[in-house]
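Enquirer:
2 protein chains.
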Amino acid sequence: MEKAGKAERLIYITNILTQNPMKVFNLSFFCEKLNCAKSTLSEDIDLISKVFDATGQGRLETISGAAGGVYYIPIMRKEDEIEFLHFLKNELQNPERIVSGGFVYINDIVFSPEIIKKAAKIFLRLFLEKEIDYIATVEAKGIALASYVAQYFNKPLVVARSGSKFTEGSTVNISYISGTTGKIETMTMAKKAIKRGSKVLFIDDFMRGGGTVRGMKDLLSEFDSTLVGVGVLIATKDKKSIDIDYKSLLILEKLDAENKKIEFSINRDVIS
Amino acid sequence: MEKAGKAERLIYITNILTQNPMKVFNLSFFCEKLNCAKSTLSEDIDLISKVFDATGQGRLETISGAAGGVYYIPIMRKEDEIEFLHFLKNELQNPERIVSGGFVYINDIVFSPEIIKKAAKIFLRLFLEKEIDYIATVEAKGIALASYVAQYFNKPLVVARSGSKFTEGSTVNISYISGTTGKIETMTMAKKAIKRGSKVLFIDDFMRGGGTVRGMKDLLSEFDSTLVGVGVLIATKDKKSIDIDYKSLLILEKLDAENKKIEFSINRDVIS
Numbered sequence: 229m230e231k232a233g234k235a236e237r238l239i240y241i242t243n244i245l246t247q248n249p250m251k252v253f254n255l256s257f258f259c260e261k262l263n264c265a266k267s268t269l270s271e272d273i274d275l276i277s278k279v280f281d282a283t284g285q286g287r288l289e290t291i292s293g294a295a296g297g298v299y300y301i302p303i304m305r306k307e308d309e310i311e312f313l314h315f316l317k318n319e320l321q322n323p324e325r326i327v328s329g330g331f332v333y334i335n336d337i338v339f340s341p342e343i344i345k346k347a348a349k350i351f352l353r354l355f356l357e358k359e360i361d362y363i364a365t366v367e368a369k370g371i372a373l374a375s376y377v378a379q380y381f382n383k384p385l386v387v388a389r390s391g392s393k394f395t396e397g398s399t400v401n402i403s404y405i406s407g408t409t410g411k412i413e414t415m416t417m418a419k420k421a422i423k424r425g426s427k428v429l430f431i432d433d434f435m436r437g438g439g440t441v442r443g444m445k446d447l448l449s450e451f452d453s454t455l456v457g458v459g460v461l462i463a464t465k466d467k468k469s470i471d472i473d474y475k476s477l478l479i480l481e482k483l484d485a486e487n488k489k490i491e492f493s494i495n496r497d498v499i500s
Numbered sequence: 229m230e231k232a233g234k235a236e237r238l239i240y241i242t243n244i245l246t247q248n249p250m251k252v253f254n255l256s257f258f259c260e261k262l263n264c265a266k267s268t269l270s271e272d273i274d275l276i277s278k279v280f281d282a283t284g285q286g287r288l289e290t291i292s293g294a295a296g297g298v299y300y301i302p303i304m305r306k307e308d309e310i311e312f313l314h315f316l317k318n319e320l321q322n323p324e325r326i327v328s329g330g331f332v333y334i335n336d337i338v339f340s341p342e343i344i345k346k347a348a349k350i351f352l353r354l355f356l357e358k359e360i361d362y363i364a365t366v367e368a369k370g371i372a373l374a375s376y377v378a379q380y381f382n383k384p385l386v387v388a389r390s391g392s393k394f395t396e397g398s399t400v401n402i403s404y405i406s407g408t409t410g411k412i413e414t415m416t417m418a419k420k421a422i423k424r425g426s427k428v429l430f431i432d433d434f435m436r437g438g439g440t441v442r443g444m445k446d447l448l449s450e451f452d453s454t455l456v457g458v459g460v461l462i463a464t465k466d467k468k469s470i471d472i473d474y475k476s477l478l479i480l481e482k483l484d485a486e487n488k489k490i491e492f493s494i495n496r497d498v499i500s
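Protein chains in written order, with this note's numbering: chain Z, 229 to 500; chain G, 229 to 500.
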């Protein structure tokens, strides 16, 4: 680009940063692209940062020093998070969601880009301080959510499959008891999926007793890797037999299939 | 916000539009938020549009008239698409991807946010002129890709499951022959997943003979709905027994497991 004016610079920088969450851009990248001085750029970034703060559009973080850089953290304002969680709670409390067998139909929710983008932003805030190498999930209902979490953390997503699939080469398989089905299930991951010694954040749509989490933990130990956090959209009130800190956005308080009553609450730990 | 300056307006508008692809924002929305006149806003939008064009960051489309609005189309420049497809081709041609059974390991690719975001942008361009109500895929490897396509089209994603799952209430099931496994598979979708009379774009990671596409078409007909397009990341050269226009980004030209040779080509139809 020829020497860009202030307006052009602001538009360009805003877009590049927000389209690449958590990716650090060196100031010289922008200086070259926009043909401007670092001091000019610093002023631009200050201004963008202020507008983001004032309008609740996430946050810019700058890294000072010779190799200074800037990156975008797509988190929401607390009041927007709370508004979203109330919206989600009301959506879920629709009695028509109760399906035979006492299950809750949530497919439209877990695959709605608009909804899972916001949920993913909350998980980013909740686990922002953790050192994370991979986002992991188990097929299939958590995949879309986990892919947004991975995008926001700027980390690769790994998906464990249920049962052994023959298109993945050498795999590591473990068995676990699923709290949803009560059956022994198999979880599979390709041997090349995760580098040894990695730190992994597990994301899923639903947690009952924590069987899947334990399965993932066992699976990761086969890669000499560690589960450092668990984030789920909805958890039941069942006792969780897991020894790791987990965050659920909502809690399923009551499901009375006979009388078509279903109640959720917002997890106070998440918004406090 | 108090009366915003030009710089603040540009930053705010750029971010809101790009974070919400294909969503039409009425000009009065911005006028109220930013406390400015429509004429001022039109100038701002012109400027943003010009910078996007000049830097290949997608396109703004304006709708004129009293209810005038503006929306963002996140498509790439042709040269960026070609560069990306070459990158993808080279990534895939790594002989280490050949796994036992003559399959190709692509999990890291189909779940990499960076890669599937770009692929999704190409599918947006390819099917931009179509009227589309839903994006559909079949679990599990196409879900992340399809979720970005859905985000870019600003349409809901529906995911057909393999086998009958008991957490979805009433379902519609159809059987089809999978070209990958050669077996009869079942595809399931909840009855409430799709409104009757919808137009659907099918997205998947891999297509061999088109069995899954035919399955999806049959499944959609149970919803009085129509398949209007098919986009897949990779197609083999096998004859496709489907009667619908499909676009694959890459073509698997040759897979010689014994000699560890694997070759892809870029689909010329996509970049011509």
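Cβ coordinates follow ideal geometry from the N, Cα and C atoms, glycine included.
Remember, predicted model here, so these are calculated numbers, not experimental data.
(1) Since Lys482 of chain Z is in the beta strand (DSSP E), which residue starts that stretch and which ends it?
(2) Note down the Cα distance separating Leu316 of chain Z from Thr283 of chain G, rounded to an integer number of angstroms.
(3) Is it buried or exposed for Lys346 of chain Z, if we count other Cβ within 10 angstroms and need 16 for buried?
(4) Closer than 7 Å, Cβ to Cβ, to anything on chain G: give me those residues from the stretch 241 to 275 of chain Z, in chain order.
(5) Would you kindly work out how many angstroms separate the C-alpha atoms of Pro384 of chain Z and Glu342 of chain G, rounded to a whole number?
(6) According to DSSP, simplified to helix, strand and coil, what is Ile494 of chain G?
(7) Quick one: using the 10 Å Cβ neighbour count with 16 as the cut-off for buried, is Glu309 of chain Z buried or exposed?
(8) Would you mind giving the Cβ-Cβ distance between Val386 of chain Z and Tyr362 of chain Z, rounded to the nearest angstrom? I have them listed as a contact below 8 Å.
(9) Can you tell me the Cα-Cα spacing of Ile291 of chain Z and Ile360 of chain Z, whole angstroms?
(10) What is the DSSP secondary structure of Ser390 of chain Z, reduced to helix, strand or coil?
(11) Measuring CA to CA, which of G:Leu447, G:Ala372 and G:Leu373 is closest to Tyr212 of chain G?
(12) With distances taken Cα to Cα, identify the nearest neighbour of Phe351 of chain Z among Z:Glu289, Z:Glu260, Z:Asp433 and Z:Ala421.
(13) Can you pull the chain G residues whose beta carbon is under 8 Å from the beta carbon of Arg389 of chain Z, in chain order?
(14) Excluding the five sequence neighbours on either side, which residues of its own chain have a C-beta within less than 8 Å of the C-beta of Lys306 of chain Z, listed in chain order?
(15) Check the C-beta distance from Lys475 of chain Z over to Gly438 of chain Z and give it rounded, since I have them as a contact under 8 Å.
(16) Within a Cβ cutoff of 6 Å, which residues of the same chain sit near Gly457 of chain Z, ignoring the five residues on either side of it in sequence?
(17) Does Asp484 of chain G get closer than 9 Å to chain Z when you measure Cβ to Cβ?
(18) Where does Gly330 of chain G land, buried or exposed, given buried means 16+ other C-beta within 10 angstroms?
(19) Which stretch, first to last residue, makes up the alpha helix (DSSP H) that contains Met444 of chain G?
(20) State yes or no: is the beta carbon of Gly397 of chain G nearer than 9 Å to at least one beta carbon in chain Z?
(21) Whose C-beta lies closer than 7 Å to the C-beta of Gly443 of chain Z among residues of the same chain, with five residues either side of it excluded?
(22) Residues of chain Z with CB under 9 Å from Ser340 of chain G, in chain order?
(23) Might you give, ordered along the chain, the residues of its own chain that have their beta carbon closer than 6 Å to the beta carbon of Met435 of chain Z, omitting 5 neighbours on each side?
(24) Give the interface partners of Leu352 of chain Z over in chain G, defined as CB-CB distance under 9 Å, in chain order.
(25) State the DSSP-derived secondary structure class of Met229 of chain Z, mapped to helix, strand or coil.
(26) Counting pairs of beta carbons, one from the stretch 272 to 279 of chain G and one from the stretch 273 to 280 of chain Z, are three or more of them closer than 8 Å?
(27) Looking at C-alpha atoms only, which residue of G:Ala374, G:Glu413, G:Thr242 and G:Ser256 is the closest neighbour of Gln285 of chain G?
(28) With 9 Å as the threshold, decide whether the Cβ of Glu324 of chain G is near any Cβ in chain Z.
(29) Could you pull the start and end residues of the alpha helix (DSSP H) that Ala265 of chain G belongs to?
(30) Going along the chain, which residues of its own chain have a beta-carbon closer than 7 Å to the beta-carbon of Leu269 of chain Z, five neighbours each way excluded?
(31) Listed from N- to C-terminal order along the chain, which residues in the stretch 420 to 447 of chain Z have their beta-carbon within a distance smaller than 8 Å of any beta-carbon of chain G?
(32) For the alpha helix (DSSP H) containing Val338 of chain G, list its first residue and its last residue.
(33) In or out: Thr409 of chain Z buried (at least 16 other Cβ within 10 Å) or exposed?
(34) Going by CA-CA distance only, name the one from G:Val332, G:Ile412 and G:Asp336 that's closest to Ser375 of chain Z.
(35) Please report the residue range of the alpha helix (DSSP H) in which Asn318 of chain G lies.
(36) Can we count Arg424 of chain Z as close to the ligand SAH, meaning its CB is less than 8 Å from some heavy atom?
Expert: Straight from the coordinates:
(1) If you look at Lys482 of chain Z, you'll find it in the beta strand (DSSP E) that goes Tyr474 to Asp484.
(2) If you take the alpha carbons of Leu316 of chain Z and Thr283 of chain G, they lie about 38 Å apart.
(3) Lys346 of chain Z is buried by the Cβ-count criterion.
(4) Closer than 7 Å at the C-beta level to chain G, one finds these residues of the stretch 241 to 275 of chain Z: Thr242, Asn243, Thr246, Gln247 and Leu275.
(5) Rounded to the nearest whole angstrom, the CA to CA distance from Pro384 of chain Z to Glu342 of chain G is 9 Å.
(6) Strand, per DSSP.
(7) Buried: at least 16 other Cβ atoms inside 10 Å.
(8) About 5 Å separates the Cβ atoms of Val386 of chain Z and Tyr362 of chain Z, confirming a contact at the 8 Å cut-off.
(9) Rounded to whole angstroms, Ile291 of chain Z to Ile360 of chain Z spans 19 Å at the Cα level.
(10) Taken through DSSP and simplified to helix, strand or coil, Ser390 of chain Z comes out as strand.
(11) One cannot answer for residue 212 of chain G here, as it falls past the ends of chain G, which runs 229 to 500.
(12) Closest by alpha carbon: Z:Asp433.
(13) Residues of chain G with a Cβ closer than 8 Å to the Cβ of Arg389 of chain Z are, in chain order, Ala368.
(14) Ile499, listed in sequence order.
(15) Not confirmed; about 13 Å, so no contact.
(16) Scanning its chain for C-beta atoms nearer than 6 Å, with the 5 sequence neighbours on each side dropped, one finds around Gly457 of chain Z the residues Phe355, Lys358 and Leu429, in chain order.
(17) Judged by the 9 Å Cβ criterion, Asp484 of chain G is not in contact with chain Z.
(18) Counting C-beta atoms within 10 angstroms of its own C-beta, Gly330 of chain G has fewer than 16 neighbours from the protein chains shown and is therefore classed as exposed.
(19) Met444 of chain G -> alpha helix (DSSP H) spans Gly439 to Ser449.
(20) Answer yes: the Cβ-Cβ gap between Gly397 of chain G and chain Z drops below 9 Å somewhere.
(21) Correct list, in chain order: Ile402, Tyr404 and Met415.
(22) Here the neighbours are Ala378, Pro384 and Leu385.
(23) The residues are Val460 and Ala463.
(24) Residues of chain G whose Cβ lies closer than 9 Å to the Cβ of Leu352 of chain Z do not exist; the shortest such Cβ separation is about 13 Å.
(25) Its pLDDT being 49, under 50, Met229 of chain Z is placed unreliably in this model, and the coordinates cannot settle the point.
(26) Judged by Cβ distances under 8 Å, the stretch 272 to 279 of chain G makes no contact with the stretch 273 to 280 of chain Z, as fewer than three pairs qualify.
(27) Checked all of G:Ala374, G:Glu413, G:Thr242 and G:Ser256; the closest Cα to Gln285 of chain G is G:Thr242.
(28) It does; some Cβ of chain Z falls within 9 Å.
(29) Element bounds for Ala265 of chain G: n/a, residue is neither H nor E.
(30) So the list reads Leu255, Phe258 and Cys259, once near-sequence residues are dropped.
(31) Interface annotation for the stretch 420 to 447 of chain Z against chain G: Lys420 and Ala421, criterion Cβ-Cβ distance under 8 Å.
(32) Boundaries of the alpha helix (DSSP H) around Val338 of chain G: Asn335 to Val338.
(33) The residue is exposed, with fewer than 16 neighbouring Cβ atoms inside 10 Å.
(34) That would be G:Asp336, whose Cα lies nearest to the Cα of Ser375 of chain Z.
(35) Residues Lys306 to Leu320.
(36) You won't find the ligand SAH in this model; it holds no ligand whatsoever.
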